[in-house]
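Trainee: Protein chains in written order, with the working numbering: chain B, 4 to 94; chain Z, 22 to 197; chain L, 2 to 996; chain Y, 51 to 491. All C-beta atoms in this analysis are idealised placements derived from N, C-alpha and C, irrespective of residue type, glycine included.
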Amino acid sequence: MLLVPCPHCGPRNTADLTLVGESESRPDPSATTPQEWRSYLYLEHNPAGWTRETWYCRLGCGRFFVTERHRGQNRFRHPPLGPADESAGPR
Amino acid sequence: MDEQLEFAGPLAGAGEANGEGWSLRDESRTPKLLVYEDFEPDGAVERQLGVGFGASAAGGSGLLVCGIRPGEWLLLLGERSGANPPAVGAVTVDLTHGVAMFRLSGPRARDVLASVCSIDTSEEMFPDGAVCGASVARVACTLVRDDVAGERSYLILSQRSSGRYLFDAVRDAGAR
Amino acid sequence: MSPLGSGPGSGPGQAPGSGSGTCLRRNDDRVVPMSPSRLPARPGEVIDRERPLTFTWNGGAVTGFAGDTIASALAASGCTVFSRSMKYHRPRGILTADFWDPNTLVQVGDEPNVRGGHRLLEAGMAVSAQNAWPSLRWDAKALTALGGRALSAGFYYKTFMRPRWLWPAYEKVLARFAPGGVIDPASAPRRHDKRYAHPDVVVAGGGPAGLAAAVAAAREGAGVLLVEHEHSLGGHLRWGTKSERSMAAALAGAAEAAGVEILTDATVAGRWEDNWLAVVERDGAGGPERLIKARAKVLVVAAGLIERPYVFAGNDRPGVMLSGGARRLLNLWSVRPGSRAVVWSANAAGDAAAADLEAAGVVVEHVDARTGRTVTAAEGRRGALERVVLSDGTRLEVDLLVTAAGWTAPTSLLNMAGVRPRYDPAAARFFPAEPGTAEAGTVLSTGGISGDGSLDELVGHGEATGRLAAARAATLAHRLRVATAWAAPVDGPEPPEVPDERTPLGRDPHPELYRSSTDGIVDLSEDVGSRDLRHAAAEGFDSVELVKRWTTATMGSAQGKLETVNTVAVLAEATGSTISEVGTTTWRPPFAPVTLGALAGRMFEPLRISSLHDLHVAAGMTPIQAGQWIRPEHYGDPAAEVCNVRANVGIIDVSPLGKLDIRGPDATDLLSLLYVNKWRRLAIGAVRYGVMCAEDGVILDDGVTGRLGEEHYLMSTTSSGSGAMEVWIQNWLQTEHPDWRVRVTPVTDAYTSINVAGPRSRVLLGRLVDDVDLGPEAFKYMQVRRGTVAGVAGCVMWRIGFTGELSYELHVPAGYGPHVWQALLAAGADLGVAPFGLEAQRIMRLEKGHFIVGQDTDALTKAPTAGLEWLIKLDKEDFCGRPELQWALEGEPGDAPDAVPRLVAVQPTDPSYVPPEVCQIVAATPDGKERIIGRITSSRFSPTLERSICLAQVEAVHAGPDTELTIVDITGRRHTATVMLHHAHFDPEGERLRA
Amino acid sequence: MVQVPRSNPRRRPRRGRYPARYSAAALLRRGKAPWPPIWRSTELRDTYDIVVVGGGVHGLATAYYLASNWGITNVAVLDKGYLGGGGSGRNTAIVRSNYLTPDGVAFYDRSVRLYERLAVDLNLNVMFSRRGHLTLAHSDGALRTMRWRAEVNKHQGVDSEVIGPAEIKRLVPALDVSEAPRHPILGALHHPPGGIIRHDAVVWGYARAAAALGVEMHQNTEVLDIDVAGGSGPDGKGPGGQVTGVRTSRGEVSAPVVVNCTAGWASLIAAMAGLRLPISTHPLQAAVTEPVKMFLPAVVVSGSLHVYVSQTDRGELVFGAAVDPLATYDTGGSLAFAEELAGHVLQLMPGLGRMRLLRQWSGLCDMTPDYSPIIGATDVAGFFCDVGWGTYGFKAAPVAGEQLAACIASGETPDLIEPFALNRFAEGRLVGEKGAAAVGH
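1) Residues in the same chain with beta-carbon distance under 6 Å from His1012 (chain L), minus the five sequence neighbours each way, listed in chain order, please.
2) Assign Met87 (chain L) to buried or exposed, taking buried as 16 or more other Cβ atoms, counted over all protein chains shown, within 10 Å of its Cβ.
3) For the segment 45-57 of chain B, list every residue whose C-beta sits within 8 Å of some C-beta in chain Y, in sequence order.
4) Please report how far the alpha carbon of Leu327 (chain Y) lies from the alpha carbon of Ala320 (chain Y), in whole angstroms.
5) Would you kindly check if the distance between the Cβ of Leu414 (chain Y) and the Cβ of Thr331 (chain Y) is under 7 Å?
6) What residues in its chain sit with their C-beta under 7 Å from that of Asp670 (chain L), if we drop five residues either side in the sequence?
7) Expressed to the nearest angstrom, what Euclidean distance is found between the alpha-carbon atoms of Val919 (chain L) and Leu966 (chain L)?
8) Under 7 Å Cβ-Cβ, which residues of chain L neighbour Trp411 (chain Y)?
9) Mind checking who Tyr175 (chain Z) pairs with in its DSSP beta bridge?
10) Exposed or buried, which one is Pro510 (chain L) when buried takes at least 16 other CB atoms within 10 Å?
11) If you follow the beta strand (DSSP E) that Leu715 (chain L) is in, where does it begin and where does it stop?
12) Could you pull the start and end residues of the beta strand (DSSP E) that Trp799 (chain L) belongs to?
13) For Cys12 (chain B), go through chain Z and note every residue whose CB falls closer than 8 Å to its CB, in chain order.
14) Quick one: which chain Z residues come within Cβ less than 7 Å of Ile610 (chain L)?
15) Could you list which residues in chain L have their beta carbon closer than 8 Å to that of Gly95 (chain B), in chain order?
16) Give the range of the beta strand (DSSP E) segment to which Met783 (chain L) is assigned.
17) Give me the Cα-Cα distance between Gly426 (chain Y) and Thr21 (chain B), rounded to the nearest whole angstrom.
18) Starting from Ile71 (chain L), trace the alpha helix (DSSP H) both ways and give me its first and last residue.
19) For Ser721 (chain L), count the other beta carbons within 10 Å of its own beta carbon; 16 or more makes it buried, fewer makes it exposed. Which is it?
20) Taking Cβ-Cβ distances shorter than 8 Å, what residues in chain L pair up with His205 (chain Y)?
21) Once the 5 residues before and after Gln731 (chain L) are set aside, which same chain residues still bring their CB inside 6 Å of it?
22) For Arg220 (chain L) and Gln335 (chain Y), what's the separation of their Cα atoms in angstroms?
23) Determine, using beta carbons only, whether Gly237 (chain Y) comes closer than 7 Å to chain L.
24) Suppose the cutoff is 7 Å on Cβ atoms and the five residues either side in sequence are ignored; what does the same chain contact list for Arg371 (chain L) look like?
25) Who are the Cβ neighbours of Ala215 (chain L) in its own chain at under 6 Å, not counting the five residues just before and after it?
26) To the nearest angstrom, report how far apart Glu806 (chain L) and Leu994 (chain L) are at their CA atoms.
27) Report the CB separation of Gly119 (chain Z) from Asp703 (chain L) in whole angstroms; it is logged as a contact under 8 Å.
28) Measuring only between beta-carbons, confirm whether Phe494 (chain Y) sits less than 7 Å from chain B.
29) Let me check one thing: in DSSP terms, what residues is Thr54 (chain B) bridge-paired to?
30) Residue ranges of each alpha helix (DSSP H) run of no fewer than 4 residues wholly in the segment 232-298 of chain L, ordered along the chain?
31) From the DSSP output, in three-state form, read off Met322 (chain L) for me.
32) Compare the Cα-Cα distances from Phe123 (chain Z) to each of Z:Ala170, Z:Leu178, Z:Val169, Z:Gly154 and report the closest residue.
33) Quick check on the DSSP output: the beta strand (DSSP E) that includes Thr623 (chain L) runs from which residue to which?
34) Only counting the same chain, and skipping five residues up and downstream in sequence, which positions put a Cβ closer than 7 Å to that of Met845 (chain L)?
35) Following the continuous beta strand (DSSP E) through Val635 (chain L), name the residue where it begins and the one where it ends.
36) Measure the C-alpha to C-alpha separation of Ile450 (chain L) and His237 (chain L) and round it to an integer number of angstroms.
Pasting the structure below:
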């Protein structure tokens, strides 16, 4: 089981966390277009390489954070980028 | 906590189970206060409480301060102590009734835990005073190493409603 | 006559077409005497002749000794045929006499596919052959009639296509040929323990190199777990010379002394990211296996080598054995595998086998494969070996043929770490290539897998590997402690990265021996021959993966341990390429089969109960599982419970209702963000209903939130949604608004929640509350108060009305929940108070037309569909799902508003007819057909209105009041129903709850 | 829409055109003599009318129906590995049509009907075993969803019904239908037409039949890039563009039509054409046990326990589960999967504790937000998609191939696949199968 580098707890089993998804910035809801908004809702980059991801440390510190993972080789870039950045909206 | 009224714990029967080299006790009555960091964090709360995330420290009269999450502390006010907690933090919430708390003690306590929890409880990785969030028998718990008189001892805290299931699961694990 | 084939129990070898079953049945009542093939006591044997064990083989009693495996005991008793092959049902004898022996899988009691070559003998075992033949004789004939000679691999793809209706019959016949033992679904489940471990170093393999590595690592201070596949340590030394055996003993002793944790009869079944290992402790006694989930810092793979069969005509005939098999039988269990033997040897192991056999009094013809002589055929009759033919035409009358053709490195665990095997023609085997992944530095190999050498060289390499492993583990341990919040602080700097300076093991030259000039069986478990492989290649299945799928080679019980390399070699030969070019198939976990029981362990299925659970049980509740919660569905008569609430007063345990304590100056902003409606002007002491939507406008959850203070709210969510909502809210706070000054604390379990409902609820509550004015003016509908109930301070009271009655929701500190519940029942006895369950509540909410998220709505239901336009406030600049809701309300190009579903209340024309939930609503189409236009989402018989009532989702065009709908019954019958004006069937103006 | 030349009118007779016709008689005649190649291998040419990317069951079916139904044979199927090496050879080979939405039901029902004829159509026995399919319900919510599906299925003329524990026990005696388990079996959706099939055989059958019609299969030919002209993207790719060809590990190929049938890799191929898809790639794991004598007569599925199980004619139990929650292209699999799986299987059939897991593996699934595929044309002219198949692609291959072939050849989108167009996401019209997945777990 992959160890996820939680910036607060330290390395933890994947099963202790939840992958929230690709970090995607949330369009301004009062000014957005259907095109833009639905890209934000549905479209993925889904590369086989490095991706910025938001993780939730469900069983540990309860914190959301952003890190980079290589989705092809399934390993993390250390160290993690720290707490979740504000651009990453819930999906 | 009102002493006139009878406090109903999470368990039905005996609040205690014992096995070879371990014992499990219900300490859910223990008053528990959740304290949050100030809204503009300046580390004052941590300085005052003496510990940060991942650690615990015994205060006076049976008070145990546990850093359960970054910027969040759970204050356990020992059963006897009428200790009034330090008035710190932005927000304080009484979780006495919402959280079940069991104490797993004894030389074999570590082995019992090893069959229901994936946390490395070696001396180096989980020393006395250590605090972490972990799954115990698939229940989200806070685990505190709180040795008593030099004897290996763990506090296992979970949401109250899972308490009875959790107690039974840990007891069964010990019964193997 | 040779001892082979003569002894009782050897019957299976007899007349073709008849077989084991028949003959064995003849033996049923015969106790089989010890056969001459068991030799007098010999040094190094692992059996205890003082402890004879009697068991049964196909019903006949047989006796072996403690320390015997099932196979060795049977061999000692003279048995030569242990199974029938999968496809052709050819007799099969011992090949390797160990775990990987494909021919000695047997049924033991209710346990199928037991490795007879590995499982230790126990008294009273009921052992039987798995592919016993005559029971399938008729089918056999049927199959032969189909053309036994055309039974090449994949033949079934080429026939049975027509007539289509006949295929199922063919299929049944084919299925009867399924190999393997018998599982009894009724056999009692056993308890399998599991545990986690965090060793510094795990060594897979307890041979000389593995032992040396474990000892060296432990001496460097590492915590070491040594896992050995066999029943005792020492690897190939165990059946070796006196000095080799004492070397094994010495190493084992050292491991013991160094404090190595030793597991025998155990396997590292798999390796995953960051050295997450599955270690399976097989219970030698056939008892419950145990799974250990080990997070190792470093894994040392010392799995040794597996001997490779040679492919030639008759190579699967009983009496043909690998050198290791012959030596194990002879040296571990003192079983003489034959009396006249050809030993065809290409290496030292084979030479040693020849010597051992000669020493045991076997007449041996030693044929040196290194001179180019090969075996072309093993011939005989009645499942026995009688003659071996060599490439130079020599014919030798023997009853045993021992081959030593070379080795296969079981590199599975290394492959799982990204290390690819690479073929070396000079050494005629695969070796692990350079580390393939970044973390491969934490996966090391030693021993036969890595190379050859003298015993001293192997041990030396093992020790170097152990020291390297310990050093790297120390570095990782240091980093782990530094990174882990709760770990003990580290003293001193990080131990330096240790480079790999081990002197590599050499590689002994070995002739490439895979297939002779004749064709034979390549995969003995699957009955796949070299001809099948060559034909498959000719048919275009020219890659190893394709040929594997077409012929099923390497897919059997041995999972390629014995046959993969031969498969590759034959394919290479057939396609005129090299073994390196063809490459090998992927070794997939597990390394050795694992029981489902061990993998499952004890399943943990958390349950949640409220503080009132025991009271509900005492009151005779009928429980229902709602997610993890156990709740009272009713206490006997839900309809009566409804009537009692409507007429008197009832109390229901709603503790699972999600509750969140929200505090801070920005609390109101948070509510405005989460809910689609407004919260700015909610007065202290007031509660409001709200709906939350996801970013796609779909309804997520609903509930009421009360304002307890200037900066203090208590929010309620649905019971099923509470967990998800906690995370949802944290996500918004942490990722979108980390600057907001608000703290959200889940307090669901802190309160026991009791809804007191019914016209007499105010009276009842009045008797238990004195610090709150419950008067209709003082405590209005949709208000919240804090006070003392039955002497319990700190209770929160909401005046709301899910049931449509005057009702109060009490949130009581959970420890005092039972006290308050009992006080209510006691105080209200004269008022007719009684508990009611979920079902009664569901009926009443339906009478009121309240929807349930997830039942009346689904994953595509946007707020307007549920009739919530009035709630959505687009003049807020931001809230979850705002854009989608705006477009849903204002419409966008391409919309077909008529097709958007609407949630409506529906009443069947026939008041006694209750349409099943989710039955479909249809409308006629122009072409005279019917189209689904919606469905019933909730339906009940209302005891209050004495008629059936429903909620339904129908396309907007059909959602107008008084529209007549057609409901299709499960039986296909049609029923009419009418769309109502209001969602509420009962008291639409809500006079009762405002009373 | 590009006009694709047709070599001759649709439905030319195929019989007799095969390199070697399969039959029992032929088997006997040939005895142990080798058979001629199942498909001929040719050199990769530098131009085709249509390039299908992905030599799995979807790509091969598409190519086969282009050739057989529309006479379009100048087609190359390219695969970076070997034919059927992806999801086609890694799935659990279950075939069923008991879906939730009318659209879904009609679509998959067509697929099942094609499967029933496939062995004859392709003259290769795909061993379709129509043994019945049970979807167990462990909660009222789940039971409601089963009833919902049954209702819709019936209305669409598909044979499905909700049955109770007693009937379940009668059909599959090994199941524990008592109240004892934590997740008791309350009922099931019984779907008699459902069954299992030999997945590799379907791949080989389509490949062999397509090859016989002139379609070329090129293995070990990886598509590295797609040439698009006139697109709105900076590189001339993307919406508004027109496909002109592909660059492969074995050279450039020009083609006016490129079809993306690459399942788990769909996002990567689409990106080459300048398109972003609503897809994330998750592994789906499966496992097989050692063989035992037949005891499991039907396909058994439990949604809430995330397990499906069937017993092959070889006696092995084949298990599948839900997709891994962790999005990744790594197919290493996990131990957690095997643990969960075993635990759940034993909850359903407690007597199987002594069966042994023999092998586990993973395939890559292209998951869409509404659990429905993406089929048809895209905003890049000549670039077609047959992706988003998640965990249900194998059972849909025949109909997807048939309909996509029609879509490409005729330039019009057939009704059956209209609901599954890519633009449904931009227009916020997701498919209702998500309702099934979300209602009453």
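Mentor: Once the coordinates are examined:
1) Outside the displayed range of chain L (2 to 996) lies residue 1012 (chain L), so it cannot be described from this structure.
2) buried
3) Of all residues in the segment 45-57 of chain B, Tyr45, Leu46, Glu47, His48, Asn49, Pro50, Ala51 have a Cβ within less than 8 Å of some Cβ in chain Y.
4) 7 Å
5) yes
6) Trp741
7) Those two C-alpha atoms are separated by around 14 Å.
8) Arg589
9) Z:Leu125, Z:Arg166
10) Per the 10 Å Cβ criterion, exposed.
11) 713-718
12) 793-800
13) Gly75, Cys153, Gly154
14) Ser182, Arg185
15) One cannot answer for residue 95 (chain B) here, as it falls past the ends of chain B, which runs 4 to 94.
16) Met783 (chain L) -> no beta strand (DSSP E), and no H or E assigned at all.
17) 34 Å
18) 71-77
19) Burial call: buried.
20) Neighbours of His205 (chain Y) on chain L, chain order: Gln921, Val923, Glu931, Ile933, Val969.
21) none
22) 41 Å
23) no
24) Ala347, Pro512
25) Val204, Val225, Leu227, Ala256, Val261
26) Just so you know, the alpha carbons of Glu806 (chain L) and Leu994 (chain L) end up roughly 4 Å apart.
27) Wrong, their Cβ atoms sit about 23 Å apart, outside the cutoff.
28) Any question about residue 494 (chain Y) goes unanswered here, given that chain Y covers just 51 to 491.
29) B:Arg72
30) 243-258
31) strand
32) Z:Leu178
33) Taken as a continuous stretch (DSSP letters only), the beta strand (DSSP E) holding Thr623 (chain L) covers 623-627.
34) Val643, Val646, Thr804, Gly805
35) In the sequence as displayed, the identity of residue 635 (chain L) is His instead of Val. In this chain, the beta strand (DSSP E) harbouring His635 (chain L) covers 630-635.
36) 13 Å
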